[in-house]
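Just below is one structure, and these are the notes that go with it.
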Amino acid sequence: LPDLSFKKAQSDVKKFMSWLQELKEVKPEEITYDESLTREILIWEMENQTKAHNFFWLNIPIAVYSSPIPNINRVFTEFKLEQEKNLQQYLNLLIQYPTIIDEVMARLKHQLQKKIVLPGAALGLPGYYLSSIIQPADKSIFFVRKNRLQAFVQNLPKISEFQQNVANIVTNSLNPKLKKLLSFIQGEYAKEAPDRVGLWQYPGGKDYYEFLVKYNTSLDLNPAEIHKIGLREIKNLLEKMDKIRQHLKFD
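Offset between the sequence shown (1-based) and the working numbering: plus 6.
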């Protein structure tokens with residue numbers, strides 16, 4: 007499972023910088039055109055990943071647009087259990103999951119000190135999502151039912167043992183961590199949630215917004231210009247919809 011810690015992010019940046027240096031030492035005239043294009047793409051990506059590290063604390067791990075939790079959950083719901091070794095692999099990953107929740111909590115608390123808190127209007131969905139995955143072991147999304155264990159249908163004791171191990175981890179380790187996180191979000195964290203929305207309100211938020219615009223669009227436009235484009239396109243769409251309604255005589 008991913009390491010969400012600041013320490014790991016720092017380590018990754020060092021790797022990016024090292025790879026970036028190696029890429030820049032490659033002479034375009036000594037490689038093929040396709041390789042040259044790949045080199046330019048990798049340089050662009052490594053440079054942006056290095057810049058992104060400056061905004062590490064602006065990435066809120068419970069925001070619906072950036073939370074790693076839903077994707078991590080898919081690791082378990084889509085995990086293929088075809089060999090006996092897969093059963094232990096699944097358990098090993100599940101054992102790691104509470105550490106992920108600890109890292110999410112640690113980041114939220116550090117961000118709270120920096121006054122970087124998800125707006126109150128955006129706290130509902132994360133709370134609802136966490137509540138939905140805190141379930142009794144046999145109803146948990148992490149519990150593996152027999153229909154996913156067809157490869158072991160001839161070994162019912164093995165299935166039973168595996169399911170019991172999963173249930174123990176969910177009940178005694180994972181659920182308590184999720185409950186603690188949910189309680190923190192709905193309590194101490196929510197009390198500090200701002201009424202306003204937008205990255206601009208956080209320290210370094212405007213710079214991060216500009217970085218995201220450049221990274222996601224590759225355009226030399228500022229956030230205000232992007233916003234104007236969005237408003238213009240919405241206006242155009244509404245006008246087209248209105249013409250279609252009039253043509254169809256639809257009120």
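Every residue gets a Cβ at the ideal spot worked out from N, C-alpha and C, and that includes glycine. Being a predicted model, the structure only gives us computed values, none of them experimental.
Shown here for glutamate 88: same chain residues with a beta carbon closer than 7 angstroms to its own, the five before and five after excluded, namely Ala157 in chain order.
For the options Lys183, Leu244, Gln16, Lys21, the alpha carbon positioned closest to that of methionine 111 is the one of Lys183. With respect to the 7 angstroms criterion, isoleucine 122 and tyrosine 221 are not classified as neighbours on the basis of their beta carbons. Distance between glutamine 169 and methionine 52, taken at the CA atoms: about 42 angstroms. Around the CB of asparagine 181, 16 or more other CB atoms lie within 10 Å, so the residue is classed as buried. Between leucine 7 and isoleucine 106, the C-beta spacing is below 7 angstroms.
The straight-line gap separating the alpha-carbon atoms of arginine 202 and leucine 243 is approximately 28 angstroms. Annotation: the region 68-140 contains the following complete segments of the alpha helix (DSSP H) (minimum length 4 residues), in chain order: 75-83, 90-119, 130-139. It is roughly 18 angstroms from the alpha-carbon of phenylalanine 82 to the alpha-carbon of serine 137.
For arginine 45, the enclosing alpha helix (DSSP H) starts and ends at 39-58. Taking C-beta separations shorter than 7 angstroms and ignoring five residues to either side along the sequence, the partners of leucine 64 in its chain run Ile122, Leu205, Tyr208, Gly210, Gly211, Tyr214, following chain order. Rounded to the nearest whole angstrom, the C-alpha separation of leucine 97 and glutamate 90 is 12 angstroms. In this structure, leucine 10 and proline 67 form a Cβ contact; the two beta carbons are roughly 7 angstroms apart against a cut-off of 8 angstroms.
The count of Cβ pairs closer than 8 angstroms, one atom from the region 188-195 and one from the region 35-50, stays below three, leaving the stretches out of contact. Per DSSP, the continuous alpha helix (DSSP H) segment holding tyrosine 215 begins and ends at 211-223.
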